[in-house]
Amino acid sequence: MNPPHGLDDPTGTTRREALRRGLQCAAGLAVADGLSAWPAAPADDFDADTATTTPAAAKPAGPVRAKSVIQVFLWGGMSHNDTWDPKPEAGYDYMGEFSKVIDTNVAGFQINQLFPKLATQADKFSLIRSMTHGNNGHETAAYLMQTGHAPGERLAYPSVGAVFSMFKGNEYKGIIPPYIVLTSAAGRFSEEGFLGPKYKPFATGGDPNAPRFEVEGIIARGISDDRQRSRRELLDGLDTMGRAMAGSAELEAAREAKARADELILGKGKEVFDLTKEKADLRDRYGRNTFGQECLVARRLVESGVPYVAINYPGGWDTHSNHFATMRRQCPQLDQGIAALLADLQDRRLLDTTLVWCSGEFGRGPKVDWQPPWNGGRNHHGAVFSVLVAGGGFKGGHIVGSSDGKAEEVRDRPVYPVDLLGSIYKLGGIDATASLPHPEGLEAHILPASSEGVKSAGLLAEIM
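Under the working numbering, the letters of the sequence shown match residues 108 to 571, in that order.
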């Protein structure tokens, strides 16, 4: 068997790769190494003898409804009591300051008072109120929610975003990478897992709410576009080695990478991140804050065909202390951003083909911890929590499952991570039983099989 990734020296870098990287760095294209070859042929990096099933050979799971996915990851874990599964009759020790509920535009569908804008959009989304896995650790629960695999196994599996990037690579032809994170990775786990850096998401950095959204590697602080172009032209003129080695396969690969990077930095790719092209009143509708503008960027990205966009909520929801103050500040932003996103996708006829899901790695303790040092905080709670899903084949206006009277346990219709992710994969036309090409030839599948003892109550057929 050939060594993984064609390694021919102890440093793990081939001579060809070293030359390519050197040329890119010489051209000032630090961004190109990460963006030069997103998946046009997903199995290229792997030994054919070790990969029993490649994405190109995997059978579609059914009709593709979700061409793109927007994931809003509420890292740290958002309270379900104070948001989408309120229990007003549970009393002050469970509801604290937010005991009021409001009606939505769907009969019998109520949510917490902090979400008035989403209340007008309930016909576009459904809530899962019986999400469960029982894991109370940030890193392990995040891994479980985004891979479907139990933490601590031998293999480090890729996230749902990396899987979409791999399996959608053949059909996606855009200049922007197929897996984008706004604006920084949560750092809870390795999103690409054993698939390697080729499937690592491109984290934009910057702040879309700033006067200029300085996307890392694309927008150079303090340098105008004209100056950037002049620098490129100067470097091209000095490329005597390139002219002397015309026809070299390595140099042609470098030129292709450079051209792609140039298009991203100075061409149409850059324009997708330019929010000045949007009307001021629409930007206001999303909210003039980092999260609201991230939602607007996400819409622009899926409009350009990007398969997977993840928004890691800025600041997070790990509210052991200062819980109610944090909720008063962040819930209105979350409410406004998602409500505007759903309405905007609907207006542009993108909601039917764009799947939106919003969840943390778990919920927060239903009973408020009034004791010092928490003084009114909520702790980790993986026994039951809520997830919002919309578009891409998910029906709106429904509630799946329920928790008990105090939102402490699942009352009926448990939904496990494999059920949620399996439903997302199915709507995206991805066979969740397909093999993943492991670089060492180990057997690995997108989601664990029932024979592996994974807990499952079935796909979300009632809202698909």
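Note that the Cβ used here is the ideal one computed from N, Cα and C, for glycine as well.
Burial state of D519 is exposed, judged by a 10 Å Cβ sphere holding fewer than 16 other Cβ atoms. Taken in chain order, the complete alpha helix (DSSP H) segments of 4 or more residues contained in the segment 189–250 are 199–202, 223–226. The alpha carbon of A263 has as its nearest neighbour, out of W424, T247, E278, G500, the alpha carbon of T247. For the set Q228, V208, N212, V213, the Cα lying nearest the Cα of Q220 is the one of V208. With distances taken between CA atoms, D192 lies nearest to D511 out of G536, I282, D511.
Taking 8 Å as the cut-off, the beta carbon of G412 is found no closer than this to the beta carbon of G203. Listed in chain order, the non-local C-beta contacts of G313 below 8 Å within the same chain comprise T290, F320, E321, V322, E323, I326, local neighbours out to five positions each way being set aside. In the pairwise beta carbon analysis, the segment 280–288 is classified as not touching the segment 492–501: fewer than three pairs are separated by under 8 Å. Here the alpha carbons of V176 and V409 stand approximately 8 Å from one another. Assigned with DSSP and collapsed to three states, I553 falls in coil, not helix or strand.
Of all C-beta pairs linking the segment 446–461 to the segment 225–239, three or more are shorter than 8 Å, placing the two stretches in contact.
Bounds of any alpha helix (DSSP H) do not take in L457, whose DSSP letter is neither H nor E. When Cβ pairs closer than 8 Å are counted between the two stretches, the segment 237–245 is seen to touch the segment 462–477, the count reaching three or more.
Annotation: F431 to P439 spans about 13 Å, alpha carbon to alpha carbon.
Secondary structure in the segment 257–322: the beta strand (DSSP E) runs of 3 residues or longer, each lying completely within the stretch, are 286–289 in chain order. Here N242 is buried. Its C-beta has 16 or more other C-beta atoms within 10 Å.
When C-alpha distances from D381 are compared across R406, F301, R172, the shortest belongs to R406. Between P308 and D210, the alpha-carbon positions lie close to 38 Å from each other. Inter-residue distance for I218 and P480 is about 30 Å (C-alpha atoms, whole angstroms). A direct Cα-Cα distance of roughly 43 Å separates C402 from S355. By the Cβ rule, the segment 392–401 counts as touching the segment 434–448, because three or more pairs are nearer than 8 Å. Counting other Cβ atoms within 10 Å of its Cβ, S186 reaches 16 or more and is therefore classed as buried.
In this structure, the CA atom of E516 is about 40 Å from the CA atom of G276.
P318 and L389 have their C-alpha atoms some 16 Å from each other. Taken in chain order, the unbroken stretches of beta strand (DSSP E) that lie wholly in the segment 403–447 and span 3 residues or more are 415–419. Under a 10 Å Cβ-count criterion, Q478 is classified as exposed, with fewer than 16 other Cβ atoms of the shown protein chains found around its own Cβ.
A straight line joining the alpha-carbon of E550 with that of G565 spans about 24 Å.
Just measuring C-alpha positions, the residue of P521, F216, L449, P315 sitting nearest G504 is F216. By a beta-carbon distance limit of 8 Å, S558 does not contact Y523. Their separation comes to about 16 Å. Per the coordinates, the alpha-carbon of K224 lies some 41 Å from the alpha-carbon of G560.
When DSSP states are grouped into helix, strand and coil, V496 belongs to the strand group. For V171, no alpha helix (DSSP H) run applies, since DSSP gives it neither H nor E. In this structure L528 is in contact with V267, their Cβ atoms being roughly 6 Å apart against a cut-off of 8 Å.
DSSP places I537 in the coil class of the three-state scheme, outside both helix and strand. Within a 10 Å sphere around the beta-carbon of K386 sit fewer than 16 other beta-carbons, which makes this residue exposed.
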